[in-house]
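Each residue of the sequence shown is one higher than the one before, starting from 431 at the first, in my numbering.
Ideal Cβ positions, reconstructed from N, Cα and C, are used throughout, including at glycine.
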Amino acid sequence: MSARCLRGAAATAATAAFLVPASLLAAAPALAHTPAYTPAHTPVRASAHGTAAPATVAKKLFRAWLRADRHAAARVATAGAVSTLFAYPFRAPDEFAGCSRNACRFVHTSVRVPGGLDGILMVVSGRKVTKVYESRHLVKPSAAAKHLFEAWRKGDRNRGLEVATTTAVKTLFRTKYDPKGVKHFFQGCSSEPKGYGCAYSYEGGAMFMHVRGSKSRGYEVTSITYIAD
431 MSARCLRGAA ATAATAAFLV PASLLAAAPA LAHTPAYTPA HTPVRASAHG TAAPATVAKK
491 LFRAWLRADR HAAARVATAG AVSTLFAYPF RAPDEFAGCS RNACRFVHTS VRVPGGLDGI
551 LMVVSGRKVT KVYESRHLVK PSAAAKHLFE AWRKGDRNRG LEVATTTAVK TLFRTKYDPK
611 GVKHFFQGCS SEPKGYGCAY SYEGGAMFMH VRGSKSRGYE VTSITYIAD
């Protein structure tokens, strides 16, 4: 299926994302706000062997980041987690959203950022944060589409939520990516009335990722539709 024949899918309503300069806040985050897409928070206490609860470890890393203290951050997180967190392009989230098992979130309540993650998610293993997911600021529609597709290919919903709404991620992940199934071919992005439609063709049809935003605010995938030959 050619890129030309794929232009014309319907667009969904645009969603706004405000990019703000990265800043380090001095106040500790408040406790509240249950995320819509994760299970109810499961309280996790310190183990009998003295291992700190995930929330304790995550908050230590978050406070070290607020102080711009990489040395302190390295004591409670892997190098990769520290690198990802210190590259966060938005102001610091202002609310701690709790932990679901070993995954702890810090979210925004005063600004809108791209994707359904709405801030920062830390995955804790033992005494360290081993993985950080975060809202992304991508300046090209195609980058958002490719990031989401790669997340689907790897079966990583959190990675998808870095650049896509919960609705888009839910739609895409209804079907598990099959590496032995039909091949998907990226056909580029074309203008739609309220944004861009980025298409992946495959034998028998095509998938459109509808992307909204701007270069300054960042792009996100807001919905996904499919067409059949």
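1. With distance defined between alpha-carbon atoms, name the residue in Lys570, Lys624, Gly635 nearest to Ser653.
2. For Ser620 and Arg497, I'd like the C-alpha separation in whole angstroms.
3. Give me the residue from Cys628, Phe526, Thr560 with the minimum Cα distance to Gly549.
4. Please report the straight-line C-alpha distance between Gly643 and Ala482, rounded to a whole angstrom.
5. For Glu633, is the classification buried or exposed, using 16 other Cβ atoms within 10 angstroms of its Cβ as the cut-off for buried?
6. Can you list, in chain order, the residues of its chain whose CB lies under 7 Å from that of Val512, leaving out five sequence neighbours each side?
7. What are the boundary residues of the alpha helix (DSSP H) that includes Leu568?
8. Please classify His640: does DSSP put it in a helix, a strand, or coil?
9. Can you tell me the Cβ-Cβ gap for His577 and Val593, rounded? I've got them flagged as a contact below 8 Å.
10. Kindly indicate which three-state DSSP category Leu547 falls into: helix, strand or coil?
11. So who's on the other strand from Thr655, going by DSSP bridges?
12. What's the call for Pro609, buried or exposed, on a 16-neighbour Cβ count within 10 Å?
13. Since Val559 and Ala507 are thought to touch, with beta carbons under 8 Å apart, how far apart are those beta carbons, to the nearest angstrom?
14. Nearest to Gly545 by alpha carbon, out of Gly648, Trp495, Arg521, Phe615?
15. On the DSSP letters alone, give me the boundaries of the beta strand (DSSP E) that Arg535 sits inside.
16. Are the beta-carbon atoms of Phe615 and Ala575 separated by less than 9 Å?
17. If you draw a straight line from the C-alpha of Asp524 to the C-alpha of Thr539, how long is it?
18. Could you pull out every residue in the same chain whose Cβ sits closer than 7 Å to the Cβ of Pro484, ignoring the five residues on either side in sequence?
The answer reads as follows:
1. Counting from one through the sequence shown, the residue named residue 653 turns up at place 223. Closest option to Ser653, Cα to Cα, is Lys624.
2. Position 190 of the sequence shown, counted from the start, is the residue given in the question as residue 620. Position 67 of the sequence shown, counted from the start, is the residue given in the question as residue 497. Roughly 42 Å between the two C-alpha positions.
3. Reading the sequence shown from its first residue, position 119 is the one you call residue 549. Among Cys628, Phe526, Thr560, the Cα nearest to that of Gly549 is on Phe526.
4. Taking the sequence shown and counting its residues from 1, one reaches residue 643 at position 213. Taking the sequence shown and counting its residues from 1, one reaches residue 482 at position 52. Taking the straight line joining both Cα atoms gives about 40 Å.
5. Translated into the one-based positions of the sequence shown, residue 633 becomes position 203. It counts as exposed.
6. On the sequence shown, position 82 is the one that residue 512 refers to. Result list for Val512: Arg500, Ala503, Ala504, in chain order.
7. As a working mapping, residue 568 is identified with position 138 in the sequence shown. Unbroken run through Leu568: none, as it is neither H nor E.
8. Looking up residue 640 in the sequence shown gives position 210. In this structure, His640 counts as strand in the three-state DSSP scheme.
9. Stepping through the sequence shown from its first residue, residue 577 is reached at position 147. Stepping through the sequence shown from its first residue, residue 593 is reached at position 163. Confirmed, Cβ separation roughly 5 Å.
10. Indexing the sequence shown from 1 puts residue 547 at position 117. The answer is coil: DSSP assigns Leu547 none of H, G, I, E or B.
11. Start at 1 with the first residue of the sequence shown, and residue 655 comes out as number 225. Paired residues: Phe638.
12. Counted from its first residue, the sequence shown places residue 609 at position 179. Classification for Pro609: exposed.
13. As a position in the sequence shown, residue 559 is number 129, starting the count at 1. As a position in the sequence shown, residue 507 is number 77, starting the count at 1. Val559 to Ala507, Cβ: 4 Å. Contact.
14. Locating residue 545 in the sequence shown gives position 115, where the first residue counts as 1. When each option's Cα is compared against that of Gly545, the closest is Gly648.
15. Stepping through the sequence shown from its first residue, residue 535 is reached at position 105. Counting along the chain, the beta strand (DSSP E) containing Arg535 begins and ends at 533 to 537.
16. For the purposes of this step, residue 615 is identified with residue 185 of the sequence shown, where counting begins at 1. For the purposes of this step, residue 575 is identified with residue 145 of the sequence shown, where counting begins at 1. The answer is no: Cβ separation not under 9 Å.
17. What you label residue 524 is simply residue 94 of the sequence shown in a count that begins at 1. What you label residue 539 is simply residue 109 of the sequence shown in a count that begins at 1. Straight-line Cα distance between these residues: approximately 7 Å.
18. Position 54 of the sequence shown holds residue 484. Once the five neighbours on either side are set aside, the close Cβ partners of Pro484 are Val474, Cys529, Asn532, Cys534, Val554.
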